[in-house]
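Written below as structure tokens is the structure these notes are about.
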Amino acid sequence: RHGRVDRLLDIQANLQGYSGQLAVAERVLKKEGSMQVQKVAVRDGHRTKMKRQRFRVFLFNDLLLLCTVEEGKRETYRFYDEMYLQDAQVHHNIQQRAVHVCVDATEYHLFDTHENVCSWSAHIAQAIEELNQPQLFGIPLNMLMGAPSEACNLVPSILKDCTMRISLSGISQLGLFSTFVPADEVEPLRTRLNRGEALSFSAEDHDHRQMGVLLLHWLRELPEPLMTWDLYDEFMSAQNVAHMRRVVPKLPHFNRFALQHLMAFLSQVAQHHVSNQLDARSLGVVFGPLLLKKRNANMFSCDTLPKAIALTEAMIRHYPIIFQEIEDERAKIEADDVLLGAIHEAHHIDQVYTGRTVFTPTNR
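With the sequence shown counted from 1, adding 11 to any position gets you the numbering used here.
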């Protein structure tokens with residue numbers, strides 16, 4: 012068993028009076044310790060300070076948890092309060108040897124030695140900063156798929172939503188992936204998605220061109236392209252469709268299914284090339300540089316660009332040959348809640364704790 016998972020389960024097992032769930036996939040314990048804590052409530056402009064009390068304080072990557080220690084039971088805690096850190100602010104008060112954490116009308120002042128307070132202040136500030144990093148654009152695919160909102164998905168929601176919206180009303184239209192869509196049309200949608208808000212994507216809400224640009228932005232800003240750096244050399248050496256059919260299944264499962272979904276969509280777009288003027292070659296030019304890139308190299312590198320375009324064109328033209336087995340695999344998993352849950356659980360353990368791979372093309 013993995014140490015950090017164990018600690019979350021231990022805290023949960025020994026915590027009385029808490030109705031929440033601590034051991035969730037994305038949660039990490041960053042720091043814990045005993046501190047003097049004072050609660051300050053602000054109401055109608057008046058600040059009410061409670062009496063200082065010693066608490067066991069647990070700092071997670073998204074949550075500050077305060078517990079009292081049961082008398083005579085060193086490892087048994089009683090829940091007192093929790094503070095989610097998404098919109099929190101932290102202030103290090105050097106004179107008082109305290110760190111102040113506040114959300115809305117509630118503040119907690121944590122007191123201890125100067126050295127310990129400095130450490131707590133730094134850890135809390137880091138947790139808040141990490142929480143306010145982009146939640147959708149610019150984060151690794153494996154991290155995105157570990158989010159609770161993706162727990163029932165094999166393909167990221169942003170990819171499914173954008174392709175669905177285009178398929179419903181814009182697949183035959185000109186300018187699908189135009190870079191000339193005004194920024195003031197796209198940025199508000201991007202900001203809302205990055206804050207974790209859900210967009211309805213109904214036909215009257217958003218232009219298909221906006222969805223196309225959002226899709227390009229998401230792919231461009233992935234820290235690692237869908238076709239991965241590990242398989243870069245194998246993709247670059249692929250000489251024909253049969254070789255591609257052997258390489259694509261080696262992708263990690265979420266990359267594999269995301270690429271399959273994207274190629275299924277692009278093959279449909281290409282079928283409307285007479286009206287939208289986007290054949291397989293044109294789509295290869297648009298998407299190829301986003302899907303296959305050399306590590307630490309420009310996406311338009313002369314070493315990679317022609318091959319990336321050719322491979323993407325081949326995947327679109329020969330979608331049934333390259334992706335039919337992956338499409339069938341995805342359908343089987345999506346129809347089996349137990350198998351879907353097992354893949355997400357294996358992914359969580361791999362990414363957060365060990366880095367090993369459980370579901371691979373050789374053992375699935």
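Here a beta-carbon is modelled for each residue, glycine too, at the ideal position from N, C-alpha and C.
In the three-state scheme derived from DSSP, where H, G and I count as helix and E and B as strand, residue 288 is classed as coil.
Linking residue 34 to residue 27 through their CA atoms gives a straight-line distance of about 15 Å.
In this structure, residue 41 places its C-beta atom within 8 Å of the C-beta atom of residue 134.
Scanning its chain for C-beta atoms nearer than 6 Å, with the 5 sequence neighbours on each side dropped, one finds around residue 234 the residues 151, in chain order.
When DSSP reads this structure, residue 95 sits in a beta bridge with 74.
The C-alpha of residue 289 is placed about 57 Å away from the C-alpha of residue 24. In the DSSP assignment, residue 39 falls outside any alpha helix (DSSP H), carrying neither H nor E.
Take the alpha-carbon of residue 329 and the one of residue 205: they are about 34 Å apart. The C-alpha of residue 93 lies about 38 Å from the C-alpha of residue 268. Boundaries around residue 253 are those of the alpha helix (DSSP H), 252-258, since no beta strand (DSSP E) includes it.
Between the alpha carbons of residue 275 and residue 223 lies a distance of about 15 Å. In this model, residue 122 and residue 73 are separated by some 21 Å (Cα to Cα).
Counting other Cβ atoms within 10 Å of its Cβ, residue 229 reaches 16 or more and is therefore classed as buried. Cβ neighbours of residue 142 within its own chain (closer than 8 Å, five residues either side excluded): 72, 73, 96, 97. Straight-line measurement puts the Cα of residue 140 at about 38 Å from the Cα of residue 342. DSSP, read as helix, strand or coil, puts residue 68 in strand.
Relative to the Cα of residue 225, the nearest Cα in the group 264, 260, 172 belongs to 172. The beta-carbon separation of residue 280 and residue 287, rounded to 7 Å, stays under the 8 Å limit for a contact. Secondary structure within the stretch 109-145: the beta strand (DSSP E) runs of 3 or more consecutive residues, fully enclosed, are 109-114, 117-122 (chain order). Excluding sequence positions up to five before and after residue 219, its CB lies within less than 7 Å of the CB of 176, 177, 180, 181, 184, 187, all in the same chain and listed in chain order. Close CB contacts of residue 245 within its chain, under the 8 Å cut and outside five residues either way in sequence, are with 258, 261 (chain order).
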